[in-house]
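Letter by letter, the sequence shown follows residues 158 to 327 of our numbering. For every residue, glycine included, the Cβ atom is placed at its ideal position computed from N, Cα and C. Below is one structure, written out as structure tokens; comments come after it.
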Amino acid sequence: MRSLLVRLVVVLFVTNITHSAICQSLAFPRAVTNQATPFVNSAFALTIDPERMRVAIGGYRGDVVVYETTSLAEITRLESDGGMVLATAFDPQGRFLLVAGDPTRLNVYRTLDWTLQRTIKLPFRCGFLCCHPKLPIVALSGKGTSLLFYNFETGTLVAVSIAGWNAVLS
158 MRSLLVRLVV VLFVTNITHS AICQSLAFPR AVTNQATPFV NSAFALTIDP
208 ERMRVAIGGY RGDVVVYETT SLAEITRLES DGGMVLATAF DPQGRFLLVA
258 GDPTRLNVYR TLDWTLQRTI KLPFRCGFLC CHPKLPIVAL SGKGTSLLFY
308 NFETGTLVAV SIAGWNAVLS
């Protein structure tokens with residue numbers, strides 16, 4: 158499984174190839190190869206949840222597709238409500254999938270039933286995100302050296318760092 162995930166990362170991020178070539182290089186079943194996916198033109202976001210053996214891929218069209226990593230079966234497809242997906246992350250406990258993109262927002266999906274729990278309006282477009290290992294905090298970056306820290310369960314901005322200026326909000 159690890160080699161499959163490494164191949165997936167290499168294929169999506171090091172090379173710029175079409176969806177069909179991605180599917181062929183990963184030995185996807187032919188039925189998956191012919192489906193419309195969010196990375197027909199470009200995949201911008203990839204996150205792996207190794208504990209629960211799933212991978213989420215999002216891209217230019219704005220949809221996010223979650224696959225099971227051993228069979229490569231599609232678990233769910235989260236339809237776009239406009240804009241592209243620039244970054245994705247599972248929280249460490251695997252309870253939420255966080256999706257950032259254009260327009261400037263962070264969508265939080267509960268993985269139990271893949272429902273949208275909240276949309277957090279962001280002050281600028283963020284293309285990078287990661288979760289705190291224990292707290293429900295997500296760090297987002299995307300405008301110069303700016304960092305935003307949100308509690309993704311409440312939607313509250315908890316800290317900000319912009320151009321060397323830092324603030325912790327309570």
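Asked: Give me the Cα-Cα distance between Gln298 and Cys283, rounded to the nearest whole angstrom.; Found: The sequence shown places Ser at residue 298, rather than the Gln named in the question. For Ser298 and Cys283, the distance between alpha carbons rounds to 5 Å.
Asked: Given a cut-off of 7 Å on the beta-carbon distance, is the pair Val242 and Thr226 in contact?; Found: no
Asked: To the nearest angstrom, how far is the alpha carbon of Ala200 from that of Arg209?; Found: 22 Å
Asked: With a threshold of 7 Å on Cβ separation, who are the neighbours of Leu326 within its own chain once the five nearest residues in sequence on each side are excluded?; Found: Leu314, Val315, Ala316
Asked: In terms of alpha-carbon separation, which member of Gly219, Leu305, Gln274, Phe285 lies closest to Thr311?; Found: Gln274
Asked: What residues in its chain sit with their C-beta under 6 Å from that of Thr204, if we drop five residues either side in the sequence?; Found: Ala213, Thr245, Ala246, Phe247
Asked: Of the residues Gly251, Tyr266, Ala230, Gly239, which one's Cα is nearest the Cα of Pro207?; Found: Gly251
Asked: Out of curiosity, what's the CA-to-CA distance linking Ile319 and Pro280?; Found: 12 Å
Asked: Judging by CA-CA distance, which residue of Asp259, Leu292, Leu305, Arg267 is the nearest neighbour of Asp238?; Found: Asp259
Asked: Go ahead and label Leu269 buried or exposed: buried means 16 or more other beta carbons lie within 10 angstroms of its beta carbon, across all protein chains shown.; Found: exposed
Asked: On the three-state DSSP scale, how would you describe Leu243?; Found: strand
Asked: Just how far apart, CA to CA, sit Leu263 and Pro290?; Found: 19 Å
Asked: Would you kindly report the start and end of the unbroken beta strand (DSSP E) that includes Arg267?; Found: 262-267
Asked: So, helix, strand or coil for Asp206, using DSSP?; Found: strand
Asked: Over what stretch of residues does the beta strand (DSSP E) that includes Trp271 continue unbroken?; Found: Trp271 -> no beta strand (DSSP E), and no H or E assigned at all.
Asked: Within 10 angstroms of the Cβ of Ala184, are there 16 or more other Cβ atoms? Answer buried if so, exposed if not.; Found: Because the pLDDT of Ala184 is 42, which lies under 50, any placement of that residue in the model is unreliable, and the question is left without a value.
Asked: Might you give, ordered along the chain, the residues of its own chain that have their beta carbon closer than 6 Å to the beta carbon of Pro293, omitting 5 neighbours on each side?; Found: Asn308, Phe309, Glu310
Asked: By Cβ distance below 6 Å, which residues in the same chain neighbour Leu305 in space, the five residues on each side in sequence not counted?; Found: Leu297, Val317
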